[in-house]
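>
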Amino acid sequence: MGIFRYTKLAYREPDEMLFGHAKFPVSAHWGLQFGAGYVVPEVKVAPEAGSERSKEVMVKECESIAEQAAGRAVDIGLPAFLLEQEHVYQQTHFPDWGGACTRAQADVLERFHNEYGIKCGLRQTVGDTRLEERGGLRGTDYDNEIAESIEQCAKNGASDIAAETMGGKSVLDYGSMRGDIRAILFGIGVLGSIDMEYFWKRAVRICSHYNCNPAGDTNCSGANSVMYIAGGLLGKDFSHTGAALARAISAARSLVAVECGATGPLKDCGYENTIVKAICGVPIAQEGKNAVCAHADVMGNLTCQVADVWSNESVFHREEMGGPTPGVWLQATGYEAALMNTAIQTGNAKILRDLYTLTDKYRDPQGTLLAYDNAFRVAGAIVEYGKDPYLRARAAALECSKVITEAYDAKKLMLTRFELDSLNKYTSVLEGLPMESERFIDECMKEYPKRIPTFDPKSYGL
Amino acid sequence: MGIFRYTKLAYREPDEMLFGHAKFPVSAHWGLQFGAGYVVPEVKVAPEAGSERSKEVMVKECESIAEQAAGRAVDIGLPAFLLEQEHVYQQTHFPDWGGACTRAQADVLERFHNEYGIKCGLRQTVGDTRLEERGGLRGTDYDNEIAESIEQCAKNGASDIAAETMGGKSVLDYGSMRGDIRAILFGIGVLGSIDMEYFWKRAVRICSHYNCNPAGDTNCSGANSVMYIAGGLLGKDFSHTGAALARAISAARSLVAVECGATGPLKDCGYENTIVKAICGVPIAQEGKNAVCAHADVMGNLTCQVADVWSNESVFHREEMGGPTPGVWLQATGYEAALMNTAIQTGNAKILRDLYTLTDKYRDPQGTLLAYDNAFRVAGAIVEYGKDPYLRARAAALECSKVITEAYDAKKLMLTRFELDSLNKYTSVLEGLPMESERFIDECMKEYPKRIPTFDPKSYGL
Amino acid sequence: MTLDWESRENTDFVYRRYNVIVEGPAIKPEDDKDVKKNMPPKEPFRELALAVIHGDSDRAREATKTALASTPPLDVIEKGLSKGMDAVSALYAKGAYFLPDVMLSADAMMVGMNMADAKLGKAREKKGTVVSFVAEGDPHDIGKNLVVMFLRSNGYEVVDLGRDVPNADVVSAVKKAKPVMLTGTALMTTTMTNFHHVSDMLKKEGISLPIFGCGGGAVKRDFVESYDMGVYGVKAFHATKLADAAVAGKTWKDMRKEYPKIVGEFVGEYADRL
Amino acid sequence: MTLDWESRENTDFVYRRYNVIVEGPAIKPEDDKDVKKNMPPKEPFRELALAVIHGDSDRAREATKTALASTPPLDVIEKGLSKGMDAVSALYAKGAYFLPDVMLSADAMMVGMNMADAKLGKAREKKGTVVSFVAEGDPHDIGKNLVVMFLRSNGYEVVDLGRDVPNADVVSAVKKAKPVMLTGTALMTTTMTNFHHVSDMLKKEGISLPIFGCGGGAVKRDFVESYDMGVYGVKAFHATKLADAAVAGKTWKDMRKEYPKIVGEFVGEYADRL
Amino acid sequence: MNPRERVLSVLNNETPDKVPVTCFTQVGIVEAMEKLDCAWPEAHSDPTKMVKLGTSLNKLAGLESARIPFCLTVEAEAIGCRVEMGRIDRQPSVRQAAFQSAGEVNIPSDFVEKGRIPAVLEATRMLKKNFPELPAIVGITGPFTLSGHLIEIERLVKLMRLKPMEVEDLLDKVTDACTAYAQEIVKAGADVIVVNDPSAAPELIDPLSFKSTIKPRLKFFTQGIKAKKVLHICGGATPIISDMADCGFEAISVEDKVDIAKAKELMKGGARSMFVAGRMTTTQARIVKIAGNVSTAKTLFTGKPEEVRDEAKKALQAGTDLLAPACGIAPRSPLANIKALVEARG
Ligand code: B12
Ligand code: B12
Ligand code: SF4
Ligand code: SF4
Ligand SMILES: [Zn+2]
Ligand SMILES: [Zn+2]
Ligand SMILES: [Zn+2]
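Residue numbers (the numbering used here), protein chains in the order written: chain A, 382 to 843; chain B, 382 to 843; chain C, 423 to 696; chain D, 423 to 696; chain E, 61 to 406.
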């Protein structure tokens with residue numbers, strides 16, 4: 382059964398894209414909207430180590446996270462916020478834990494909503510507990526638990542469900558360790574897309590039975606892993622130009638969730654979201670300068686450019702001198718969102734957007750790619766080959782290469798030799814790849830299964 | 382021997398004030414300037430618990446803080462940064478500790494400066510270890526140690542010296558816990574100003590022998606304590622209108638360091654700095670939305686408005702998922718500074734400034750006071766009575782009251798009954814105070830010495 | 423300002439002043455329903471309590487003077503002034519009263535209490551003695567001052583050692599005063615370690631274990647529970663409940679376990695102990 | 423974008439790419455300042471040179487085809503392709519180009535040169551003949567191959583004897599080809615001694631003295647100058663200058679003395695001869 | 061400590077009683093071959109002679125090493141290159157590549173049963189059995205050098221620019237083969253595997269290609285090997301030192317062109333921070349042991365014993381963890397110089 386594929390962009394020109402505004406806004410309970418003309422701050426906090434020792438403790442832990450976040454929101458006057466809980470293993474593995482934790486947090490939010498009229502939302506991000514080498518990705522107990530956990534969360538008050546699935550990870554890891562761009566393309570662009578379709582068709586179906594949105598899925602396991610390996614400006618374990626290519630590829634893959642019916646807001650750590658938003662116009666969450674607790678990315682401001690939800694990244698649940706971390710980090714994202722909202726309300730949003738973008742556009746090639754005007758070009762390349770997951774991923778990478786090369790030629794982006802050489806090398810590899818999906822897959826299937834012990838082709842119907 | 386007193390403002394109109402720009406920029410070694418057309422990010426981290434057990438451990442600890450901060454700065458491409466070390470007790474109490482820690486950090490910065498050409502500065506903030514109830518503020522061992530510690534830091538590579546002195550604290554504490562505005566005015570405005578003169582004449586003299594700037598002094602012990610007690614929007618231990626009055630008063634007091642020769646950048650936690658900058662045009666450090674690690678203030682964006690240095694607040698020295706805190710928090714302030722610098726370079730600085738300001742101007746009466754246009758008015762009131770520390774502090778408070786009342790009357794600022802009542806009460810108390818400094822002091826000296834056991838009049842020459 | 427704000431902004435998307443949104447009309451403290459039901463109905467006690475509740479020292483002086491003319495000093499304290507202070511605690515706990523209110527009430531209470539004590543002649547029996555200090559090297563004493571105030575106005579004798587107190591002084595004060603509890607306050611990562619030392623020193627002295635409550639900025643429960651006798655104190659007014667518990671024979675181990683029960687409210691830091 | 427960035431921003435205040443700062447920027451080869459000043463400014467020569475510099479054989483083929491339509495073959499080689507190769511030498515010398523780059527450029531050069539030669543019809547007159555070999559027992563031939571490549575692309579006829587060449591073969595090749603110069607390469611201490619033998623054998627044959635340049639890993643100038651006719655060659659691309667000098671009548675003794683002058687640059691190994 | 065314990069303790073990151081004097085590169089010298097009847101070329105294929113020659117410098121000079129084989133052509137030959145076996149003072153060398161293009165390369169899975177590989181494995185077993193007090197050190201050809209043997213080094217180098225994917229594929233295949241071979245050697249009882257990858261030296265390929273193309277393979281290789289591992293790359297390896305150190309070898313062995321003190325300094329530098337599994341961690345780049353680096357071309361071969369001693373002392377001062385020759389010992393090097401090397405430890 383085929384799914385809908387995007388072959389057109391949601392916007393006519395890049396300038397139409399703006400933070401707080403999505404072509405297709407989304408509503409959630411407790412009065413919250415996304416992409417409806419204002420930016421919503423988000424906070425997420427990892428449950429404390431040891432809180433997984435029993436269901437009761439975990440529920441209390443989640444409750445106290447919600448309590449501390451909501452308390453601070455009110456204390457500093459935030460009009461709205463989104464609480465995200467990224468599941469620890471047990472919350473997905475034991476669906477009743479997931480349900481109970483969701484319920485506890487939902488109750489807290491409901492109480493604050495009723496008492497203060499504050500708008501709030503509750504995102505539950507299930508863990509992808511499946512392992513290719515343990516029975517494959519489909520139909521195992523692990524796989525079924527995920528579906529159940531989604532259902533429990535949806536039923537118990539989550540306003541949306543997200544995930545960070547790991548399809549293609551075995552091959553991607555192999556590729557990123559060796560700087561093998563073909564393996565990266567195969568892992569993310571082909572295998573990732575296949576698994577996304579499997580995963581999200583089901584997730585969307587489950588959510589449809591409840592008052593709960595299926596949000597979407599980032600390529601955290603893929604493009605983000607590569608970005609981490611690439612590290613800071615002085616890091617050289619993977620070139621930053623290569624990381625940009627992986628990011629472009631990931632957009633073609635993350636799009637699949639939306640094609641299956643996900644509505645957004647897409648999850649924050651999808652740095653590829655700008656590209657996805659250009660294609661399908663759904664609201665997106667993003668993270669950047671207020672995710673320093675977790676990431677040392679090189680585009681802290683740029684990611685604000687078209688964000689509808691502005692988030693931190695998982696942080697330890699503990700005390701800062703300024704209070705417990707749920708409050709501290711919501712305050713951080715809350716203030717940034719407030720600045721964006723002021724800009725919207727005073728009619729200066731596009732100026733602020735461009736300031737954000739320009740601050741990082743040439744700090745690093747990854748920023749160059751993701752600057753919304755360039756992201757828009759990559760989005761265009763994707764929809765041109767929109768029907769074919771492989772070809773659109775390849776096209777994304779090639780357009781990315783063009784974008785970076787042009788910026789370099791125009792002397793706007795400086796590159797080191799390492800960055801330029803690896804870009805050229807990867808580009809020539811990509812250019813040499815076949816124009817037929819089947820042939821590409823055949824070629825890859827000749828190589829990778831024997832090289833990568835954890836790679837399980839039948840998980841992808843191959 | 383009298384000191385110079387400001388009787389005129391440094392700027393003709395509020396609109397002249399802008400982040401990254403000071404009328405009187407300051408240079409420091411390692412290529413750094415303040416207020417010279419760009420904003421410098423700052424980071425500070427509290428030494429880890431237990432690191433005070435020996436000098437060696439403390440030196441290593443400080444060194445690693447510097448190392449981690451500088452490493453991240455380079456990794457994300459920050460053009461410049463300022464490292465601040467707020468002394469723990471031992472660094473001031475044992476001046477050789479202060480010197481050795483400074484040396485270790487200076488060496489790290491020098492190395493990075495040489496290797497990468499990054500601009501950096503090193504601020505040492507000595508602790509005010511003096512206690513009124515233990516021999517008074519002047520000439521005790523504690524007092525002498527501070528002077529020695531300043532000298533050691535200046536000699537060993539600090540680019541500037543700051544402090545957060547506690548003059549008037551005994552009376553201020555009494556006042557803030559009882560909502561006694563007269564005690565607050567006496568504590569901060571009169572006693573604080575007297576002690577500042579004593580402290581800073583000496584500090585400026587010491588620094589003048591070295592390649593080290595005397596930076597300045599915040600009213601942390603006064604206005605910040607009150608702000609702290611006032612808490613979030615729902616906090617009521619002290620009214621936020623009252624906290625605004627204390628803040629206005631503190632500007633008249635913090636100004637004294639500059640009158641004694643301090644050059645700035647004034648220390649970040651001086652929320653009164655906008656007012657002081659309006660008067661004397663020196664560069665200022667500020668903190669706000671990136672100080673959430675330590676403060677839950679209600680003006681995270683507003684404080685950016687005219688900042689020349691943008692800082693976090695002391696944070697635990699430990700690991701985040703994003704790395705060690707010196708790097709994490711420098712990244713946070715670094716990205717905000719980058720945004721401001723982009724705005725400056727693209728000619729949009731005034732728009733961004735106003736967005737910052739407007740985001741918080743009416744969130745809380747403290748924001749209303751400190752919005753640069755209103756702060757400018759308060760500054761005007763201060764210089765009108767510039768020659769008399771008491772009268773100018775009183776004038777500052779009364780102008781603050783006017784500012785808030787006007788905003789309330791114009792229905793821009795909403796107030797609760799509690800906030801409005803206390804404002805009215807305090808205002809009428811202030812209005813009833815004598816117009817002669819001597820009479821006011823006499824009155825206070827009749828009351829407070831007997832009520833406040835820790836208050837030591839001779840510490841103020843009274 | 424360069425930007426014209428007022429005309430365009432819909433501030434609702436930027437901030438909301440929840441205090442303004444949720445606050446109802448101001449009611450007199452004595453009309454609060456929890457206060458009402460515990461107020462002494464009869465004079466002179468009612469007036470004594472009211473003077474304390476309103477934090478009016480002058481009124482307290484007058485009321486006490488009047489009351490002492492006809493009433494035993496102990497009753498003045500226990501049936502009058504203390505009832506007022508109870509009402510104040512209740513109002514503080516529910517967020518109707520705040521720090522300044524409490525401080526002023528405490529002042530009023532002390533005025534009356536001193537007068538009654540003077541009349542009594544001999545020293546009135548205190549509930550017990552507590553020693554309080556701020557750790558060596560730490561100048562942050564606001565929290566400690568609050569603790570002392572609450573304890574005193576709740577009938578405890580407090581030996582206030584002040585701030586920046588050498589560990590040895592703490593130990594010798596404990597040896598001398600034999601308190602039911604010792605409260606330490608520290609706000610800095612680098613000074614809180616002194617608690618550990620004090621604990622060790624007390625243990626070495628073999629002193630019968632007093633209870634040891636500590637709180638403040640940088641200090642976290644984990645740390646406090648990492649040495650013997652440490653109990654992590656959250657809010658200053660919890661000190662009185664803890665002291666009461668100590669008098670009632672609870673050990674520091676009990677307190678760690680039963681903190682929320684002892685202080686009678688939900689405490690985030692002890693969420694796992696509910 | 424709404425904002426016009428490039429014209430206004432001084433990016434130095436916003437970010438600095440420290441990796442670029444410490445490693446140097448990747449500049450296009452034709453933007454290198456030493457290359458720039460020697461690039462032929464006019465077409466078709468510029469394109470020919472660029473094709474060589476970029477090591478792009480296809481481009482070289484196209485460019486040569488186009489050029490030959492309007493330009494004499496000799497000019498195509500000397501004013502175009504060779505200029506490209508000079509640039510490559512410069513880039514290699516300064517460490518911007520590496521072996522793979524040089525080899526690809528050489529390939530491109532050869533493609534063009536062969537086409538030009540074909541067009542020329544008769545064999546282009548070579549500047550002279552050179553014999554090249556790697557010493558007996560030595561398999562390291564990369565350096566030698568570079569030498570051959572540079573010589574060929576500079577208009578010399580090269581008799582390439584390969585690696586591990588018995589000394590006798592060298593001598594007979596020299597007898598047959600009558601070269602202006604003989605290049606030997608050895609990278610091992612154990613094989614370089616063959617140079618000495620070859621020198622002796624040539625002397626014994628009484629053959630008019632060809633010039634004798636050698637270089638390679640273990641071989642040092644002292645050793646090479648320890649036998650007659652030996653000239654220590656440092657960089658592979660020096661071979662062309664040395665050959666030019668030989669054609670111009672310089673003897674091996676002149677070459678030892680004037681090495682830096684002949685190759686036109688500072689050479690560490692000949693620092694005493696500057 | 062016996063020599064084996066001493067060498068292994070360094071590789072285990074423990075403190076030895078004294079710095080070992082050993083050799084990770086080839087140890088065959090003519091003097092020893094003649095004395096002990098184990099001359100080249102036979103010693104290249106006869107396990108008994110291989111063992112004799114591999115342990116000869118221990119026996120005759122006290123060098124703390126049993127090192128086989130003596131050339132870099134074993135794998136190439138087994139896979140199909142034509143090899144010329146040399147003579148008593150000349151090592152074998154590849155005469156003709158086995159394949160014409162990268163795509164053609166096909167390594168039979170049973171190549172470990174071909175050519176001289178069984179001899180090397182047999183010799184390893186004998187070393188293990190008969191010389192328990194010596195570290196059994198077996199050298200193999202690194203993936204890049206072996207690839208060069210298989211298709212011609214120059215072709216390989218050009219392909220890196222022209223068809224990088226082909227090189228990637230080729231290197232993967234060859235790395236797999238190297239791993240398979242090394243695993244056999246480990247099974248046979250070797251204590252230390254030395255990977256010699258001379259063609260990966262900066263003289264031939266630029267340091268960035270080493271980082272992006274070769275390093276990942278070496279990393280992959282080390283993950284599959286359960287013995288101690290040493291990487292030797294010849295030439296002026298200074299620009300790639302920190303990458304070499306980061307490949308997962310317990311030690312790296314360098315030539316005299318590399319200044320050991322500087323190499324140690326470089327290892328300390330490098331990436332200051334990186335992400336690991338979503339976490340930012342401050343990494344001190346991996347600091348590994350360094351072996352080397354008394355010049356084989358100059359000192360050991362043509363120098364006097366005093367010169368050997370002086371240079372060895374310098375290496376010790378510079379901080380070498382394992383005193384050793386800079387590379388393969390030249391066959392005509394005098395035994396007296398090896399003795400001097402051992403004595404230099406003092
Ligand atoms: C006000 C303040 C000051 C004032 C203190 C005035 C005073 N007399 O106390 C002044 C200006 C003097 C000051 C100075 C310094 N400060 Co200060 N200060 C603060 C601040 C803003 C508020 C503290 C406060 O008074 N809070 C209000 C009171 C009521 O709270 P509390 O004491 O915590 O008490 C509560 C509970 O803990 C509890 N409690 C306390 N004790 C007990 C006991 C029991 C038994 C129980 C049950 C409960 C309990 O009850 C209270 C609530 O009801 C904090 C920030 C923060 N986040 O805490 C920084 C803070 C404590 N200061 C800090 C620093 C660094 C300093 C300086 C070192 C700065 C400098 N370099 O000059 C100096 C100290 C110099 C020196 N001598 O060493 C850091 C400490 C960092 C670290 N190393 O751990 C903090 C955390 C701020 C930060 N993030 O940087 N400071
Ligand atoms: C790559 C290499 C190999 C490759 C060679 C591939 C090939 N087809 O050439 C392989 C792996 C096959 C190899 C094998 C061996 N190698 Co090897 N190898 C090297 C290495 C690392 C680089 C040599 C190289 O190609 N450099 C790049 C080229 C471009 O440089 P070049 O040849 O020196 O040329 C430059 C100049 O010299 C000059 N030049 C050269 N000729 C001429 C001529 C003229 C006229 C002019 C002007 C200039 C000039 O131009 C070039 C620069 O522009 C060197 C280390 C080093 N530091 O040099 C060791 C090295 C040469 N090898 C060495 C050894 C010992 C061996 C082996 C014996 C190892 C073994 N145990 O099996 C075997 C040889 C086996 C045998 N049959 O004898 C030793 C020699 C020591 C010694 N005894 O003197 C060296 C020096 C390493 C060391 N540490 O000492 N090796
Ligand atoms: S501002 Fe905050 S942190 Fe800074 S010193 Fe004052 S209290 Fe301390
Ligand atoms: S050069 Fe030395 S070390 Fe490198 S391979 Fe050849 S012999 Fe071994
Ligand atoms: Zn993620
Ligand atoms: Zn994530
Ligand atoms: Zn401060």
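By construction, the Cβ of each residue, glycine as well, lies at the ideal position given by its N, Cα and C atoms.
#1: Mapping DSSP to helix, strand and coil, what is phenylalanine 335/E?
#2: Chain D partners of threonine 362/E, CB-CB under 9 angstroms?
#3: From Leu463/B, Gly452/B, Leu772/B, pick the residue whose C-alpha is nearest to that of serine 631/B; which is it?
#4: I'd like to know whether the C-beta atoms of alanine 774/A and alanine 625/A end up nearer to each other than 8 angstroms.
#5: For alanine 481/B and valine 440/B, what's the separation of their Cα atoms in angstroms?
#6: Check whether the Cβ of isoleucine 542/A lies closer than 8 angstroms to any Cβ atom in chain B.
#7: Starting from the C-beta of threonine 727/B, find all residues in its chain whose C-beta is less than 7 angstroms away, skip the five residues before and the five after it, and write them out in chain order.
#8: Please decide whether aspartate 790/B counts as near chain C, where near means a Cβ-Cβ distance under 8 angstroms.
#9: May I ask which residues mark the beginning and end of the alpha helix (DSSP H) holding cysteine 825/A?
#10: Check whether chain E comes within 8 angstroms of tyrosine 440/D, counting only Cβ atoms and requiring the distance to be less than that.
#11: Got a sec: which bits of the stretch 443-463 of chain D sit with their beta carbon under 7 angstroms from any beta carbon on chain A, in order along the chain?
#12: Pick from Asn397/E, Pro391/E, Glu65/E: whose alpha carbon is nearest that of glutamate 193/E?
#13: Return the residues of the stretch 242-264 of chain E that lie within a Cβ-Cβ distance of less than 7 angstroms from chain D, sorted by chain order.
#14: Using the three-state DSSP reduction, which class does histidine 562/C fall into: helix, strand or coil?
Considering the structure as presented:
#1: Along the fifth sequence, read from residue 1 onward, the residue named residue 335/E stands at position 275. The pLDDT assigned to phenylalanine 335/E is 38, lower than 50, so where the model puts this residue is not dependable; a value taken from the coordinates is nonetheless given after this. If DSSP states are grouped into helix, strand and coil, phenylalanine 335/E belongs with the strands.
#2: Taking the first residue of the fifth sequence as 1, we reach residue 362/E at position 302. Those within 9 angstroms of threonine 362/E in chain D are Thr611.
#3: The sequence position of residue 631/B within the second sequence is 250, counting from 1. Comparing Cα-Cα distances from serine 631/B to each of Leu463/B, Gly452/B, Leu772/B, the minimum goes to Leu772/B.
#4: What you label residue 774/A is simply residue 393 of the first sequence in a count that begins at 1. What you label residue 625/A is simply residue 244 of the first sequence in a count that begins at 1. No, they are not a contact pair.
#5: Within the second sequence, residue 481/B is the residue found at index 100, counting from 1. Within the second sequence, residue 440/B is the residue found at index 59, counting from 1. Separation of alanine 481/B and valine 440/B (C-alpha to C-alpha, rounded to the nearest whole angstrom) is 6 angstroms.
#6: What you label residue 542/A is simply residue 161 of the first sequence in a count that begins at 1. False, the Cβ-Cβ gap to chain B never drops below 8 angstroms.
#7: Taking the first residue of the second sequence as position 1, residue 727/B is located at position 346. For threonine 727/B, there are no CB contacts under 7 angstroms within the same chain when 5 residues up- and downstream are skipped.
#8: Here residue 790/B is taken as the residue at index 409 of the second sequence, counted from 1. Contact of aspartate 790/B with chain C is not assigned, every C-beta pair being separated by 8 angstroms or more.
#9: In the first sequence, residue 825/A corresponds to position 444, counting from 1. Cysteine 825/A -> alpha helix (DSSP H) spans 818-832.
#10: Counting from 1 along the fourth sequence, the entry for residue 440/D is found at position 18. Residue-level contact by beta carbon fails for tyrosine 440/D and chain E, as no gap is shorter than 8 angstroms.
#11: Those would be Glu445, Pro447, Ala448, in chain order.
#12: Translated into the one-based positions of the fifth sequence, residue 193/E becomes position 133. Of the listed residues, the one whose Cα sits closest to glutamate 193/E is Glu65/E.
#13: Taking 7 angstroms as the Cβ-Cβ cut-off against chain D, the residues of the stretch 242-264 of chain E that qualify are Leu264.
#14: Within the third sequence, residue 562/C is the residue found at index 140, counting from 1. DSSP places histidine 562/C in coil when its eight states are reduced to three.
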